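See structure below.
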Amino acid sequence: MKYVMKRLLSALVVVFLTSIIVFCIVHLIPGDPAMVYAGAGAKQEQVENVRIEMGLDKPLVVQYIHWAGGILQGDFGTSLATKQPILPVLMDKFHNTFILSALGIVFAVGFGLLLGIVSALKHNSFIDLISMFIAIIGISMPIFWVGMLLVMVFSVQMGWFPATGNDTWVSYILPTITIGMNSMAIITRMTRSSVLEVLNEDYMVTAVAKGLRGRTVILVHALKNAMIPIVTTIGMQFGYLMGGAVLTETVFVYPGLGRYLVDSLTKRDYPAIQASILLLAVVFVVVNFIVDSTYYKLDPKMKDA
Amino acid sequence: MKFLKRLLSNKLAVLGIFFILIFLLASLFAPLIATQDYSEMDLYNVLALPSAEHLMGTDEMGRDIFSGIIYGARTSVLIGVSVLLFGGLVGTAIGILAGFFEGKLDMVLMRIIDTLMAFPSILLAMFMIAIIGTGLKGAIVAVSIATVPRFARIVRSSVLKTKKNEYVDACRVLGQSNMKILFRHILPNGMAPIIVQATLTFSEAILIISGLGFLGLGADPMSAEWGAMLSNARAYLMTKPHIAIFPGIAIAITVLGFNLLGDGLRDTLDVKEY
Numbered sequence: 482m483k484y485v486m487k488r489l490l491s492a493l494v495v496v497f498l499t500s501i502i503v504f505c506i507v508h509l510i511p512g513d514p515a516m517v518y519a520g521a522g523a524k525q526e527q528v529e530n531v532r533i534e535m536g537l538d539k540p541l542v543v544q545y546i547h548w549a550g551g552i553l554q555g556d557f558g559t560s561l562a563t564k565q566p567i568l569p570v571l572m573d574k575f576h577n578t579f580i581l582s583a584l585g586i587v588f589a590v591g592f593g594l595l596l597g598i599v600s601a602l603k604h605n606s607f608i609d610l611i612s613m614f615i616a617i618i619g620i621s622m623p624i625f626w627v628g629m630l631l632v633m634v635f636s637v638q639m640g641w642f643p644a645t646g647n648d649t650w651v652s653y654i655l656p657t658i659t660i661g662m663n664s665m666a667i668i669t670r671m672t673r674s675s676v677l678e679v680l681n682e683d684y685m686v687t688a689v690a691k692g693l694r695g696r697t698v699i700l701v702h703a704l705k706n707a708m709i710p711i712v713t714t715i716g717m718q719f720g721y722l723m724g725g726a727v728l729t730e731t732v733f734v735y736p737g738l739g740r741y742l743v744d745s746l747t748k749r750d751y752p753a754i755q756a757s758i759l760l761l762a763v764v765f766v767v768v769n770f771i772v773d774s775t776y777y778k779l780d781p782k783m784k785d786a
Numbered sequence: 186m187k188f189l190k191r192l193l194s195n196k197l198a199v200l201g202i203f204f205i206l207i208f209l210l211a212s213l214f215a216p217l218i219a220t221q222d223y224s225e226m227d228l229y230n231v232l233a234l235p236s237a238e239h240l241m242g243t244d245e246m247g248r249d250i251f252s253g254i255i256y257g258a259r260t261s262v263l264i265g266v267s268v269l270l271f272g273g274l275v276g277t278a279i280g281i282l283a284g285f286f287e288g289k290l291d292m293v294l295m296r297i298i299d300t301l302m303a304f305p306s307i308l309l310a311m312f313m314i315a316i317i318g319t320g321l322k323g324a325i326v327a328v329s330i331a332t333v334p335r336f337a338r339i340v341r342s343s344v345l346k347t348k349k350n351e352y353v354d355a356c357r358v359l360g361q362s363n364m365k366i367l368f369r370h371i372l373p374n375g376m377a378p379i380i381v382q383a384t385l386t387f388s389e390a391i392l393i394i395s396g397l398g399f400l401g402l403g404a405d406p407m408s409a410e411w412g413a414m415l416s417n418a419r420a421y422l423m424t425k426p427h428i429a430i431f432p433g434i435a436i437a438i439t440v441l442g443f444n445l446l447g448d449g450l451r452d453t454l455d456v457k458e459y
């Protein structure tokens with residue numbers, strides 16, 4: 482329990498530090514924040530009004546407390562581009578990105594584990610070669626290009642799936658493969674090497690010598706012990722997947738958080754940039770925390786930590 | 186020599202070196218290989234299919250895609266080298282400080298590094314772009330900063346491990362200075378994981394910057410950069426898919442080359458993953 486508490490504490494520290502940096506973005510960009518908020522071409526008087534209205538004339542600490550306090554109460558401010566409150570839009574986009582990432586991780590874990598285990602068991606066989614080939618290609622192809630290729634083949638040529646949107650379940654298939662491709666490749670490689678390593682351990686040799694059947698040995702002993710690095714990888718991949726969502730969402734014009742962040746960046750909509758970066762950061766920290774706690778449960782050696 | 190022989194006996198690594206050579210030669214001799222200047226537009230000949238005149242066809246502004254890809258290799262070398270110089274050097278310096286001197290400094294530095302490592306590079310890069318602004322220079326700085334944490338971690342653990350060797354103690358007994366021990370003995374012997382990381386960073390830099398170019402946050406859409414070229418191609422996926430194929434192949438082959446070499450180096454130098 483002490484370990485979990487320690488991780489929780491450090492997660493909170495990370496969130497706090499991130500919030501400070503995110504808050505500082507507006508003050509770090511060259512120029513006057515009040516001018517940024519007032520927009521290009523604003524008159525001096527308007528800029529001064531914005532400065533007072535948004536409390537930009539107060540000390541930074543006061544401004545931070547005001548900003549962070551608002552966020553804790555669910556007030557992410559108003560978008561400079563649409564003049565609407567950010568929170569409802571943000572939640573909507575987050576919901577979409579979460580669904581896409583979850584589908585992506587299911588795809589990546591499912592195929593990654595399968596390919597990894599099979600290629601470890603059939604080490605140096607043709608299947609092994611093929612899955613290692615898929616894996617290295619999956620790591621080397623830019624995921625947005627994977628998406629574009631899928632659209633070209635399956636939407637334009639075959640006409641099987643829609644190229645954009647998220648209206649029906651069919652429209653999720655190509656984005657899911659796109660977003661999960663890279664993670665699938667990494668999980669395949671990780672699973673293969675972990676299982677291979679465990680297969681060479683003494684207790685595996687013993688288990689076989691004891692006369693245990695091949696399948697039991699693999700399922701009970703090998704996978705259980707190979708699971709720790711695999712779970713870590715999966716957890717890390719979930720975070721990275723949400724980062725990669727930006728590219729996938731752009732290819733498929735999918736209304737997610739990543740696309741929202743990119744749009745805000747291009748429009749220099751700073752409150753929206755701050756809100757989406759902070760939300761993404763908090764999600765990563767939460768996922769990392771969950772992974773660390775699972776790790777602790779899986780590995781008996783961690784009990785002393 | 187023995188090391189080189191072992192590396193060259195790894196078929197995949199050799200394939201990687203082959204791809205990297207093509208990539209380097211293309212960027213080195215770009216003006217000789219390219220059939221025309223990429224900025225040259227031919228508005229009577231837009232979105233043309235591959236032909237003898239335009240080996241890979243032309244894009245929506247009538248620019249020669251083959252030439253764009255050749256000059257794009259130059260941009261990618263520039264990207265990879267700058268990211269390695271900035272990110273690699275700063276990361277290595279932090280790793281050395283933390284690993285060699287340990288103690289409080291190590292704790293503080295590693296806390297910061299761990300915090301940064303919790304975030305995917307592309308998000309860190311976008312975060313930096315929010316401050317620096319968009320464009321290729323901004324993207325390079327952003328990705329460099331995003332690669333610092335991993336370098337720092339790897340160099341630190343390499344230094345920590347090498348430091349425990351007896352020859353380091355021997356140097357200390359002989360009264361050699363910290364600097365001399367560090368640069369003469371610890372770093373050269375702990376170089377293997379750093380080299381592997383450098384190879385992988387090169388390919389990662391190309392991938393992320395092309396991603397940023399694709400999103401319209403990186404290189405100028407008019408410039409010869411593979412990601413930006415793909416970004417322009419997105420609008421023509423339905424009608425003229427060929428303009429999206431070649432830049433993608435260029436990225437994939439280059440990145441694959443560095444990944445294969447990185448894997449080969451990892452096996453040959455016997456580096457455990459961190």
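Residue numbers (the working numbering), protein chains in the order written: chain Y, 482 to 786; chain G, 186 to 459.
We treat Cβ as the ideally placed atom computed from N, Cα and C, and that holds for glycine.
Keep in mind the model is a prediction, meaning the values are calculated, not measured.
Where Leu209(G) is concerned, the enclosing alpha helix (DSSP H) starts and stops at 196-213. Judged by DSSP in its simplified three-state form, Pro566(Y) adopts strand. Assignment of Asp249(G) by DSSP, reduced to helix, strand and coil, places it in the strand class.
Using a C-beta cut-off of 8 Å, the stretch 371-383 of chain G makes no contact with the stretch 316-330 of chain G, since fewer than three inter-stretch Cβ pairs fall below that distance. Around Ile307(G), the same chain offers Ile393, Gly396 as residues with beta carbons nearer than 7 Å, after the five sequence neighbours per side are excluded.
Rounded to the nearest whole angstrom, the C-alpha separation of Ser652(Y) and Val686(Y) is 48 Å.
Under the DSSP assignment, Ser416(G) falls in the alpha helix (DSSP H) whose first and last residues are 411-418. With a cutoff of 8 Å on beta-carbon distance, Val496(Y) and Val766(Y) are scored as near each other. Residue contact with chain G for Leu677(Y): absent (no Cβ-Cβ distance below 8 Å to any residue of chain G).
Taking the Cβ atoms as the reference, Leu759(Y) lies roughly 7 Å from Thr499(Y), within the contact range of under 8 Å. Taking a contact as a CB-CB distance under 8 Å, the pair Gly737(Y) and Lys574(Y) counts as one, their CB atoms being some 6 Å apart. Residues of chain Y whose Cβ lies closer than 8 Å to the Cβ of Phe399(G) are, in chain order, Pro623, Phe625, Leu728, Thr731. Within the DSSP secondary-structure output, Thr243(G) pairs in a beta bridge with Asp249(G). Residues Phe642, Pro643, Ala644, Leu655 of the same chain have their beta carbon placed closer than 8 Å to that of Ser636(Y), with the five preceding and five following residues left out of the count. The contact set of Leu742(Y) on chain G, defined by CB atoms closer than 7 Å, consists of Met311 in chain order.
Within the same chain, Phe770, Asp773, Ser774 come within 7 Å of Arg488(Y) by CB-CB distance, once the 5 residues on both sides are set aside. Contact of Arg419(G) with chain Y is assigned, a C-beta pair being separated by under 8 Å.
Thr714(Y) is not bridged by DSSP to any residue. The beta carbon of Val381(G) does not come within 8 Å of any beta carbon belonging to chain Y, so the residue lies off that interface.
Between Ile436(G) and Asp244(G) the beta-carbon gap is near 16 Å, outside 8 Å, which marks them as no contact. Assigned with DSSP and collapsed to three states, Thr559(Y) falls in strand. Around Gly725(Y), the beta-carbon contacts reaching into chain G at under 9 Å are Pro305, Ile307, Gly396. Exposed is the label assigned to Ala237(G), since fewer than 16 other Cβ atoms lie within 10 Å of its Cβ. The distance from the Cβ of Pro406(G) to that of Ser416(G) is about 6 Å, consistent with a contact at the 8 Å cut-off.
Around Phe765(Y), the beta-carbon contacts reaching into chain G at under 9 Å are Ala303, Phe304, Pro305, Leu308. Per DSSP, reduced to three states, the secondary structure at Phe188(G) is helical. Residue contact with chain G for Met662(Y): absent (no Cβ-Cβ distance below 8 Å to any residue of chain G). For Val712(Y) against Leu779(Y), the beta-carbon gap comes to about 6 Å, under 8 Å, which counts as contact. Non-local beta-carbon contacts of Arg451(G) in its own chain, meaning distances under 6 Å to residues more than five positions away in sequence, involve Val381 in chain order. Taking a 10 Å sphere around the C-beta of Met295(G), we find 16 or more other C-beta atoms and assign the residue as buried.
Ile552(Y) has its alpha-carbon roughly 11 Å from the corresponding atom of Ile567(Y).
For the pair Ile618(Y) and Ile533(Y), the Cα-to-Cα distance works out to about 55 Å.
With a 10 Å radius around the Cβ and a threshold of 16 neighbouring Cβ atoms, His239(G) comes out buried.
In terms of beta-carbon proximity, Gly558(Y) stays away from the interface with chain G, with every pair separated by 8 Å or more. Apart from sequence neighbours up to five positions away, the residues of its chain that approach Ser267(G) with a beta-carbon distance below 6 Å are Ile325, ordered along the chain.
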